[in-house]
Amino acid sequence: MAKKLLVVRNDKIGDFMLAWPALACLKSASPAPHITVLVPAYTAPLASACPWVDEVMIDPGSQAEQPAQKALLESVKSAQFDALLTLFSTPRIGWLGWRAGIPLRVAPATKWAQVFYNVRIRQRRSRSEKPEYQYNVDLACELLARLSLSLNALPTPPFWPVDDVQRSAQRKRLTSCIEARPDAPLVVVHPGSGGSAVNLSIDQYAALISNIDRQLEGGSANWLISAGPGEETAAQTLIDQLADASIKAKHVPASTSVADFAYQLTGADMLIAGSTGPLHIAGCLNIATAGFYPAKRSATPLRWQTCNSADRRLAFSPPASADQQDMSSIDIETAAQQISALLNR
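Using numbering that gives the first Met the number 0, the final residue of the sequence shown is 344, and nothing's skipped along the way.
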């Protein structure tokens, strides 16, 4: 009988997308385990779309009332999991796994939450010595070893494989809202931050796009601007600024869910954004990415690297001479040169 695993990554969208390489690692083991993920409701559509997930369980969150917490405990108990893998450890989840009687409980050895786990892996993530997704893969491999499940090779990008038919359909969907040039690259820019990280200003994004456009072979790209909840005004401001510079850009078509938005991205050639959920969705899809990051130790381009192929990702952050979060110090012209070179390629 297949081992039943509960994997927890119950915080932001970007964090959950960086768990997909670990989920792919687990699902690629032999014999393949049954994988349930515990996620908040807002990432559940993405979890349901993940090819490495068999079942999705909703976490009501730490602020939920006692009846909801009790119902979650009963659901976890009744599932009779063989193992719990918590990629980001919190006392509430550790206690949940312990009370549910899950026999093997694996988590990073961080803070006092580790007392609820019987396998604790010392990682020292705060040093940012490797990508976040690699820390997650390391935990997954330790879990597989403890369960005596074999893995012949680590999975490689794309961690969200989508066939050419789907990509073609989504490209038509994206180009239907603009006067698209069929031979030009289709680039989505997400200027919002979702509150998760500092980002370029709207003026910087306008300058970046103008610089890229001038350096593209054959003329302008097809530009689409995306926005998260509450970010629509900023997106429109960027579109208006580009129009003043004679560059046409349109909003990404409205989506019904975060998973629908993700599928739309499969039709794009590149996504440009700060270190946000959309950037890491694009990374999983193995779309080219250009990410803008602060330079602080806990948020470096290495730590929050996208999980696409190395030749499809670019990262930019403030120079060593500037404040770690001074995004205005990023050299926009140099960034534009590297991005346009990748698009031309």
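Note that beta-carbon positions come from the ideal geometry of N, C-alpha and C, so glycine has one too.
(request) Please say whether Ala21 and Val136 have beta carbons closer to each other than 7 Å? (result) yes
(message) Would the region 173-183 count as touching the region 300-318 if we require 3 or more Cβ pairs under 8 Å?
(response) no
(request) Identify whether Met326 lies in helix, strand or coil by the three-state DSSP scheme. (result) helix
(request) Please check the pair Pro252 and Gln263, which I expect to be a contact at CB under 8 Å, by giving their CB distance rounded to whole angstroms. (result) 7 Å
(message) To the nearest angstrom, how far is the alpha carbon of Ser209 from that of Leu37?
(response) 42 Å
(request) Could I get the ranges of all uninterrupted beta strand (DSSP E) runs contained in the region 175-262, with 3 residues as the minimum, in chain order? (result) 185-189, 221-224 and 248-250
(request) In the DSSP assignment, find the beta strand (DSSP E) that holds Arg119 and state where it starts and stops. (result) Val118 to Ile120
(request) Tell me, please, which residues DSSP counts as bridged to Val164. (result) Val164 is not bridged to any residue.
(request) Compare the beta carbon distance of Ala196 and Ser274 with 7 Å and say whether it is the shorter of the two. (result) yes
(request) Evaluate Asn9 with the Cβ neighbour count: other Cβ atoms within 10 Å of its Cβ, from every protein chain shown; 16 or more gives buried, anything less gives exposed. (result) buried
(message) Comparing C-alpha positions only, which one of Tyr116, Leu4 and Ala63 sits nearest to Val75?
(response) Leu4
(message) One question on the structure: do Pro154 and Ser47 come within less than 7 Å of each other, judged by their Cβ atoms?
(response) no
(request) Express the C-alpha separation of Ala152 and Ala70 in angstroms, rounding to a whole number. (result) 38 Å
(request) Just the C-alpha distance for Gln68 and Arg98, rounded to the nearest angstrom, thanks. (result) 12 Å
(message) Let me check one thing: in DSSP terms, what residues is Arg312 bridge-paired to?
(response) Thr288
(message) For Leu241 and Gln324, I'd like the C-alpha separation in whole angstroms.
(response) 26 Å
(request) Go ahead and label Ala168 buried or exposed: buried means 16 or more other beta carbons lie within 10 angstroms of its beta carbon, across all protein chains shown. (result) exposed
(request) Could you tell me the boundaries of the alpha helix (DSSP H) in which Ile338 lies? (result) Ile331 to Asn343
(request) Kindly list the residues whose CB is nearer than 7 Å to the CB of Gly100, restricted to its own chain and excluding five residues on each side of it in sequence; keep chain order. (result) Lys76
(request) Quickly, what does DSSP pair His33 with across the bridge? List them, please. (result) Lys3
(request) Kindly identify the DSSP beta-bridge partner or partners of Ala272. (result) His189 and Gly290
(message) Measuring only the C-alpha atoms, how far is Trp159 from Leu237?
(response) 30 Å
(request) Confirm, please, whether the CB-CB distance from Ser127 to Leu215 is below 7 Å. (result) no
(message) Rounded to whole angstroms, what is the Cα-Cα separation between Asp212 and Asn221?
(response) 10 Å
(message) Using a 10 Å radius around the Cβ and a threshold of 16 neighbouring Cβ atoms, would you call Gln304 buried or exposed?
(response) buried
(message) Distance check for Arg124 and Tyr134, CA to CA, integer angstroms please.
(response) 8 Å
(message) Could you tell me the alpha carbon to alpha carbon distance between Asp367 and Lys295, rounded to whole angstroms?
(response) Since the first residue shown for the chain is 0 and the last is 344, residue 367 is missing from the structure and cannot be characterised.
(message) If distances are taken between C-alpha atoms only, which option among His279, Ala43, Ser147 and Val55 comes closest to Met16?
(response) His279
(request) Taking only the alpha-carbon atoms, compute the straight-line gap between Ile271 and Ala23 and give it to the nearest angstrom. (result) 25 Å
(request) Note down, in chain order, each residue of its chain lying with its Cβ closer than 7 Å to the Cβ of Ala206, except the 5 sequence neighbours on either side. (result) Ile331
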